[in-house]
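Residue numbers (full-length UniProt numbering): 1 to 368.
Cβ coordinates follow ideal geometry from the N, Cα and C atoms, glycine included.
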């Protein structure tokens with residue numbers, strides 16, 4: 001992620017609006033990982049102001065240990081936090097939890113975005129109830145960045161919506177395009193719909209209707225068409241759109257393949273003296289590849305389509321990974337992510353009107 005600087009006019013004269021509200025108690029390594037991550041983020045984002053929610057008795061000593069984090073943080077005390085295994089319904093009842101208060105800060109306008117490494121289900125539930133969806137968006141989606149051989153790709157949905165209709169997919173395309181602009185800095189990101197084949201006749205009705213709608217939309221020049229699973233890592237498009245069930249399976253499969261490849265490489269280079277010599281020769285290249293594929297660089301899944309920036313850090317991340325999630329949130333805050341979505345939706349309101357149902361758009365060709 002790029003370093004960012006908050007413009008002088010981004011906060012009120014009394015500095016009442018924070019760049020981010022951060023759940024200080026969320027995640028396996030909280031609160032130290034959170035504070036250490038904020039210390040790293042403080043070096044990359046000039047002007048950042050953080051409202052840090054959590055137990056002051058634990059946070060205060062850590063801020064003394066990490067003075068760079070202390071320079072950007074204001075503590076808001078609460079002694080409640082949401083356990084990683086708590087059910088979302090129970091989490092909703094904890095109105096003074098650090099995660100809930102962070103969401104409240106965004107909903108009230110006190111902060112522009114929220115970052116938490118806490119319970120994923122609770123975070124999604126609170127985001128929907130407290131922050132709420134943008135006007136014109138029927139469902140929020142989970143988006144994240146993944147590596148490809150050409151650069152990075154934005155994928156969504158990754159699990160927030162198991163079942164989707166064509167309208168949801170078109171909305172995901174709008175949100176994915178805005179995300180790629182804000183976080184990857186792409187002026188006109190290309191968009192693909194994940195399918196079982198690239199041919200126009202492939203897929204079920206919702207996919208073909210969504211494709212037809214995108215070809216008629218303001219995103220038509222950026223719409224590549226259908227892409228397949230191998231196109232994700234090939235970098236065929238900058239944004240890959242799918243339903244949450246398929247997206248989550250694709251994401252976990254990719255993570256599994258990466259772990260398998262790493263394990264096999266280790267086995268190969270440990271087989272004998274010749275293999276070990278070979279490893280020494282290729283080690284610089286492998287180190288560069290390891291750095292490029294470092295999962296911490298891609299930490300920070302985003303719930304898009306909400307009335308504020310909501311970023312979910314992996315619960316088991318370290319300080320550098322948490323700082324990467326803060327990077328994502330700051331990119332979205334400083335580049336007007338939600339404003340971009342609103343602008344696109346204003347030009348697509350007729351296209352996405354509920355009255356214009358799937359029957360009116362049903363393609364003439366049968367499912368292949």
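*Would you mind giving the Cβ-Cβ distance between residue 136 and residue 345, rounded to the nearest angstrom? I have them listed as a contact below 8 Å.*
Separation of the CB atoms of residue 136 and residue 345 is rounded to 4 Å, and the pair is thereby assigned contact status at 8 Å.
*Please list, in chain order, all residues of the same chain as residue 178 whose beta carbon is under 6 Å from its beta carbon, the five residues on each side excluded.*
Close CB contacts of residue 178 within its chain, under the 6 Å cut and outside five residues either way in sequence, are with 337, 340 and 341 (chain order).
*Check the C-beta distance from residue 143 over to residue 156 and give it rounded, since I have them as a contact under 8 Å.*
Correct: roughly 4 Å between the Cβ atoms.
_In the DSSP assignment, the alpha helix (DSSP H) including residue 144 goes from what residue to what residue?_
Where residue 144 is concerned, there is no enclosing alpha helix (DSSP H), although the beta strand (DSSP E) it sits in stretches over 141 to 147.
*Just curious, the alpha helix (DSSP H) that residue 23 is in, first and last residue?*
It is not in any alpha helix (DSSP H) - residue 23 instead sits in the beta strand (DSSP E) that spans 20 to 23.
*Answer yes if the region 229 to 247 comes into contact with the region 183 to 200, meaning at least three C-beta pairs across the two stretches below 8 Å, and no otherwise.*
With the cut-off at 8 Å, the region 183 to 200 and the region 229 to 247 touch.
*C-alpha distance - residue 186 paired with residue 319, whole-angstrom precision*: Residue 186 and residue 319 have their alpha carbons spaced roughly 27 Å apart.
_Taking the straight line between their C-alpha atoms, what separation do you get for residue 5 and residue 334?_
A caution first: residue 5 carries a pLDDT of 38, below 50, which makes its placement in the model unreliable, though a value can still be read off. C-alpha separation (whole angstroms): 8 Å.
*What does residue 170 pair with, by DSSP beta-bridge criteria?*
In the DSSP assignment, residue 170 is bridged to no other residue.
*asked:* Let me make sure I understand the geometry here. Which of 278, 130 and 316 has the alpha-carbon closest to that of residue 93?
replied: Nearest option by C-alpha distance: 130.
*Cross-strand partners of residue 344 (DSSP beta bridge)*: Its beta-bridge partners do not exist; DSSP assigns none.
*So, is residue 89 buried or exposed, given that buried needs 16 or more other C-beta atoms within 10 angstroms?*
Residue 89 is exposed by the Cβ-count criterion.
*When 150, 113, 275 and 206 are compared against residue 239, the one with the closest alpha-carbon*: If we check each option's Cα against that of residue 239, 150 comes out closest.
*Express the C-alpha separation of residue 329 and residue 182 in angstroms, rounding to a whole number.*
Answer to the nearest angstrom: the Cα atoms are 10 Å apart.
*beta strand (DSSP E) segment containing residue 227, residue limits*: Its beta strand (DSSP E) spans residues 223 to 227.
*First and last residue of the uninterrupted beta strand (DSSP E) at residue 74*: Element bounds for residue 74: 73 to 77.
*Can you give the Cα-Cα distance for residue 273 and residue 257, rounded to whole angstroms?*
In a straight line, the C-alpha of residue 273 is about 27 Å away from that of residue 257.
*If I'm right that residue 99 touches residue 55 with Cβ under 8 Å, what's the distance once you round it to whole angstroms?*
That pair is no contact at about 13 Å.
*Taking the C-alpha atoms as reference points, what is the distance between residue 68 and residue 47?*
Cα-Cα distance, rounded: 12 Å.
*State the Cα-Cα distance for the pair residue 172 and residue 316, rounded to the nearest angstrom.*
Whole-angstrom Cα-Cα distance: 27 Å.
*Does DSSP classify residue 237 as helix, strand or coil?*
Here residue 237 sits in coil by DSSP.
_Just to confirm the assignment, what range does the beta strand (DSSP E) spanning residue 206 have?_
Premise fails: residue 206 lies in the alpha helix (DSSP H), 205 to 215, not in any beta strand (DSSP E).
*For residue 243, which three-state DSSP category applies?*
DSSP places residue 243 in coil when its eight states are reduced to three.
*asked:* Taking only three categories from DSSP, how would you classify residue 155?
replied: It is a strand residue.
_Where the beta strand (DSSP E) containing residue 312 begins and where it ends_ = In the DSSP assignment, residue 312 falls within the beta strand (DSSP E) that extends over 309 to 312.
*Under three-state DSSP, which class holds residue 266?*
Here DSSP, grouped into helix, strand and coil, assigns residue 266 to helix.
*residue 63 beta carbon less than 9 Å from that of residue 21*: The answer is no: Cβ separation not under 9 Å.
*In terms of DSSP beta bridges, what is residue 191 paired with?*
Bridge partners of residue 191: 223 and 239.
*Nearest to residue 188 by CA position, among 119, 218, 42 and 86, is which residue?*
Of the listed residues, the one whose Cα sits closest to residue 188 is 218.
*Per DSSP, cross-strand counterpart(s) of residue 53*: Paired residue(s): 23 and 76.
*Measure from the alpha carbon of residue 314 to the alpha carbon of each residue in 23, 87, 220 and 211, then state which is nearest.*
Selection 23, 87, 220 and 211 evaluated against residue 314 yields 23 as nearest (Cα-Cα).
*Under three-state DSSP, which class holds residue 317?*
Residue state, collapsed to three classes: coil.
*State the Cα-Cα distance for the pair residue 278 and residue 267, rounded to the nearest angstrom.*
When rounded, the distance between both Cα atoms is 13 Å.
_For residue 47, three-class secondary structure by DSSP_ = Reduced to three states, the DSSP call for residue 47 is coil.
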